[in-house]
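Visitor: Please read through the structure below; I'll follow up with questions.
Number of protein chains: 2
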Amino acid sequence: MPDLKLKEKPADSESLADRMTALGRAARAAATQLASTSAEQRNKALRGAANEIRQHSGEILKANQADMAAAQERGLGSALLDRLMLDDDRIAGMADGLETIAELPDPLGQVLAAWDRPNGLQIQRITVPLGVIGIIYESRPNVTSDAAGLCLKSGNAVILRGGSESFASSSAIWRCLQAGIESAGLPPDAVQMIATTDRDAVGYLLSSMSNYIDVVVPRGGKGLIKRVQEDARVPVIGHLEGLCHVYLHESAATGMACDIVLNAKMRRTGICGAAETVLVDRAAAARLVPALVARLLAAGCEVRGDAGVAELADGVLPASEEDWDTEYLDAIIAVRVVNDCGGAIAHIQQHGSGHTESIVAEDEQAVRRFFAEVDSAILLHNASTQFADGGEFGMGAEIGIATGRIHARGPVGAAQLTSYKYLVRGTGQLRP
Amino acid sequence: MPDLKLKEKPADSESLADRMTALGRAARAAATQLASTSAEQRNKALRGAANEIRQHSGEILKANQADMAAAQERGLGSALLDRLMLDDDRIAGMADGLETIAELPDPLGQVLAAWDRPNGLQIQRITVPLGVIGIIYESRPNVTSDAAGLCLKSGNAVILRGGSESFASSSAIWRCLQAGIESAGLPPDAVQMIATTDRDAVGYLLSSMSNYIDVVVPRGGKGLIKRVQEDARVPVIGHLEGLCHVYLHESAATGMACDIVLNAKMRRTGICGAAETVLVDRAAAARLVPALVARLLAAGCEVRGDAGVAELADGVLPASEEDWDTEYLDAIIAVRVVNDCGGAIAHIQQHGSGHTESIVAEDEQAVRRFFAEVDSAILLHNASTQFADGGEFGMGAEIGIATGRIHARGPVGAAQLTSYKYLVRGTGQLRP
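Going line by line, the protein sequences match chains A and B. Sequential numbering from 395 applies to the first sequence in our numbering. Sequential numbering from 395 applies to the second sequence in our numbering.
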C-alpha cells in the first residue's frame, strides 16, 4: 500500500475554498479520464482494491480500534458503536462486495434506445457516467468501499466525506481503494476523501461546488438527509425515510399474511425496508387480526392498534394518530383496520413516505388497483417489504433506496449512477 | 369557455404563503387523479384544449394586443416584442402542437425493464408521472400551451408562471387549456397559473414548495436559469446555454463541411442549437478555411478567427480568448485551427457548454473517438447542430434541451417528464 497521506492538518494559509476547489478540479480531471476507460480496467481496479483491503486488514482493524476507543471515550451509544465496529468478517465482506461489483455488467456504453429518422439520421441514446459524485455518510466505515466501488464501476469520480467518528477506519479503507485504482493504471483521484478537520467542508461542498460535483448522495439518518436537502445547490439523490406498509386484503391467506408481516417487521427492524404499519381489511379482520397479533407478540414485537384491532386481540396497546406517521425502526408495529382497498390506498397516500408497500391478496383485481394507485418507489404483491434492496433486486449492490422522483427511484445501483448522451449519425443532413 | 377568473387582485388578508400552499395542494390532488387516467382521457383533454384555442383565437389575439401595447409603451426591444407577438399562424401553431402531442405514444405505464429473480419474484420497472411540475418562463406566450401540453400528456400537474409582459396572453391561453381539460372530465387544477401580481411567487415556489413541487423547469434566458439554479430547493431540469461546436476533421469533404457549418450557424442564429465555434484540423485548413470563410461572409456572417484562420482568408476579424466562450446567438462565428482530433476535444472540454457538437469527417476512427471522448448531451456526425431539437429527434415536442446530467439530458419531451416505480409479484416470499 503506497504511503498516500491524508492532509489532516492543512496549512493555515490554504483556505477551505482553495482545498475544496483543488479537490473538485482533481475529481473532474479524474472523471474525464474514467469516462473513456474500459470495463476491464475499472473491474481490475475494483479487484485490486479488494486485494488491498484483504492484505491490509490488520491496519484497517487497528485504525478501527482507535475509532472505537475514541467513540467509547466520548460515550457514544451501542447502536452507533455497532455501526462503527469492524471485524474480520466485515472487512472480508467489504472485499467480497467490491469483487461482486466487478462481476456486474458494465453500466456504461449501453444503448438505451436507437431509432432512425425519415431524413436518414440514425439516433442512439447511450449511457455515460454522471461525472463526479459526492457521498456524505455517517459512522459506517464500510460505506467507504461500497459507495466508492459503485461509483468506480459506473465510471464516476467520487468525493467521500464520512463521519468524524469513523475517520481513521474510513481513511485506512480509502488508502486501499486508491492503491487498487493505481494498480489498474487509473487515476487515484477517482476516489478522494475530505479530511474531517475541514469542519465546514460539507456546507461548502453542498453550496459552492456545482461546477465540480454533479450529484450528492447522502447516506445516513434523517438529520443528515434533511440538512443535505436544505442546503444543497447541487442535485441530490436521497431517501428520506421508509415508512413501509403491508396491506392485508380480505382475500389474503391467513398463513401467508402472518408470515409476510412477521418477516417484513422482524427480520431486521432497523432497515428502511422494515414494515411499520399493517392495514387490515375490515371484512377479514376477525380472521386475520387475532392470528397476526398472537404471532407478533410471540416474536417480541409491540403491537399498537386502533379500536378495531384492540377489540379482536389481547395485548394490543392503543395507537395514536402519531403512530401512523412513525418510522419505528424497532420491534414495534402499528395495526389499523381499513374499510377496503380504497381505504388502504388513502391511508398510504396520507401517511406513507413513498418507499415500499406490500399487498397480500389472492384477488388479482385488488392487486392491480393497489399497483396502479399507490405511488411508492416499490410495490410488492405477496412478498415481504424487506426485499426492498438492490442486492435482492439483482442489482448487485446499492448506494441506497431513493424516495425522490428525479433521476433514480428505488434501489440506486451502478446503473442508476449513469446519465446518457445522444449519438447521431448523418450523411450531410441540413435542417430545413 | 367557462368563466375561470384568475385572482389578479388577491384579498390582502390572504398571504402569499397561503395562496401558494393552496395552489400546491390543488396541484398535488390533481396529480394524484391524473396518475390513474387513461391515455385516451389525457389525449381528449389535449384535443379539447386545441379546439378551445381555435374557437377563442379572437380573445387570445385581443389579450395579446393589450400585452403588446403595454410592452411598446414600456419601450421593450424588438426581439422581445417578436417573442411576445401572437398572430393567427402562431395561435394555429399552438393548437396544432397540442394535437401533435395527443398523437404521441403514451409515456405512462411503459415497462422499462422486467426480470425474474431466482426466488421467483417477478420484477417490473414501469413509467409513472413525475407528479407536479413548475414551469417558469418569460415572454413567449406559446410556452403556456406547449409546456402544459407535455405535462398533461405525461400525467403531470403543472403550475405555470409566465413573464409579466405576456400575462394577458398567457392567461387567455390558460383558460382554453382548463376548458379543454374539463371537457375531458379531468381536474382543471391539473394546469394552474400564478398571477404575476404575486411578485415574490417565484422565490417562494423555488424555496418553500418542495412538498408540492417535484421538479422545476425554467424556460428562458441565462438570467432566469441562473436565478432558478441558485435559489431552488427543489430539483431543476434546465439548460444553461448552447455553445455548440462544429469540428471539421481533416477527412471532411469540403462541400459538406461548408454546407453543415452554414446551416448550423445561419439557419436560425438565435436558437440554442446554433453553432458558435468552428474547429478546423490544421492538416486540412488550407483546403477548408478559404471556402468556408467565403461562404460565411457571403451569407452575411461575421467571422472571427485565430491567426491560423486569418492567414488563409480575407475578411476575418481577430478572435480573442473571450470569443471561444461566447454564445453569440447572432450572425457571428468564431473559427479556430486545431492540431488534430485531440485538440478539438480539448477545446470543447474547456469551452463547451455540454449541449451539442458535430464532427464532419469521412474517417470513422475520428468519429468514434469524438463520440467517445466528447461529453455533451448531443453529438452529431456529418449533420447540422440545428437538429438538436425534440421535434427533429422524433420526440414530438420538447420543453427544452437539458444540459444537466441528472434525470434528463438533451431534448426533454413527454417521456422525459416521467419517473418510474417497481412492481414486484411474489407468491409469499420471505427474505432470508
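All residues carry an ideal CB built from backbone N, CA and C; glycine is no exception.
1. Within 8 Å (strictly less), CB to CB, does L811/B reach chain A?
2. Pull up the DSSP beta-bridge partners for L642/A, would you.
3. So, do the region 535–544 of chain A and the region 791–799 of chain A have three or more beta carbon pairs nearer to each other than 8 Å?
4. Return the CA-CA distance between L774/B and V672/B, expressed in angstroms with no decimal places.
5. Between the region 722–755 of chain A and chain B, which residues of the former have CB atoms less than 8 Å from a CB of the latter, in chain order?
6. Name, please, each residue of chain B whose Cβ falls closer than 9 Å to the Cβ of G525/A.
7. Tell me the rounded alpha-carbon separation between D700/A and N605/A.
8. Please confirm if the region 689–698 of chain B is in contact with the region 643–657 of chain B, defined as three or more CB-CB distances below 8 Å between the two stretches.
9. Just verifying my parser: in three-state terms, what is the DSSP assignment at T494/B?
10. Looking only at C-alpha atoms, which of T521/B, G491/B and M488/B sits nearest to G503/B?
11. Answer yes or no: does any C-beta atom of chain A fall closer than 8 Å to that of M650/B?
12. What would DSSP say about R799/A, mapped onto helix, strand or coil?
13. Across the region 637–650 of chain B and the region 747–765 of chain B, are there enough close Cβ pairs to call them in contact, namely three or more that are closer than 8 Å?
14. Buried or exposed for Q449/A, please, with buried defined as at least 16 other CB atoms from any protein chain shown within 10 angstroms of its CB.
15. In angstroms, rounded to a whole number, what distance separates the CA positions of P396/A and D769/B?
16. Buried or exposed for K399/A, please, with buried defined as at least 16 other CB atoms from any protein chain shown within 10 angstroms of its CB.
17. Can you give the Cα-Cα distance for G421/A and V628/A, rounded to whole angstroms?
18. Can you tell me the Cα-Cα spacing of K456/A and L571/A, whole angstroms?
19. When the Cα atoms are used, what is the spatial distance from N726/A to A669/A?
20. So, is the C-beta of D717/A closer than 8 Å to a C-beta in chain B?
21. Between I588/B, T812/B, A646/B and T663/B, which has its C-alpha nearest A365/B's C-alpha?
22. Just the Cα atoms here: how many angstroms apart are A707/B and D675/B?
23. Using a Cβ-Cβ distance under 8 Å, would W340/B count as near chain A?
24. Out of R689/B, A562/B, V761/B and A808/B, which one is the CA nearest neighbour of G785/B?
25. Along the chain, where does the alpha helix (DSSP H) that runs through E467/B open and close?
26. If you measure from the beta carbon of V672/A to each beta carbon in chain B, is any gap under 8 Å?
27. Any beta carbon from chain A within less than 8 Å of A766/B's own beta carbon?
28. Can you list the residues of chain A that G820/B reaches, using a CB-CB cut of under 7 Å?
29. Between the Cα of Y531/A and those of I619/A, V609/A and S778/A, spot the shortest distance and give me the residue it belongs to.
30. Looking only at DSSP bridge pairs, what is P612/A linked to?
31. Work out the CA separation of I800/A and N513/B for me, nearest whole Å.
32. R441/A: buried (16+ other C-beta within 10 angstroms of its C-beta) or exposed?
33. Taking C-alpha atoms, which residue in S602/A, R484/A and A678/A lies nearest to A626/A?
34. Using a beta-carbon distance below 8 Å, is G804/B in contact with chain A?
35. Quick one: using the 10 Å Cβ neighbour count with 16 as the cut-off for buried, is G649/B buried or exposed?
36. Quick check on DSSP: helix, strand or coil for E786/B?
Guide: Inspection of the coordinates gives the following:
1. no
2. V674/A and V754/A
3. yes
4. 14 Å
5. Q743
6. D769 and R799
7. 52 Å
8. yes
9. helix
10. T521/B
11. yes
12. coil
13. yes
14. exposed
15. With a pLDDT of 42 at P396/A, under the threshold of 50, the modelled position of this residue cannot be trusted, and the question is left open.
16. At K399/A, the pLDDT of 45 sits below 50, so the modelled position is not reliable; the number obtained from the coordinates is stated separately. Exposed is the call here.
17. Inspection of the sequence shows that residue 421/A is occupied by Ala rather than by Gly. Approximately 16 Å between the Cα atoms of the pair.
18. 17 Å
19. According to the sequence provided, residue 726/A is Ile. The question's Asn does not apply to it. Roughly 10 Å between the two C-alpha positions.
20. no
21. Residue 365/B lies beyond the residue range present for chain B, which begins at 395 and ends at 826; the question has no answer from this structure.
22. 15 Å
23. Coverage of chain B is limited to positions 395 through 826, which leaves residue 340/B absent and any answer about it impossible.
24. A808/B
25. S451 to E467
26. no
27. yes
28. L774, H775, N776 and A777
29. I619/A
30. I530/A
31. 30 Å
32. buried
33. S602/A
34. yes
35. exposed
36. coil
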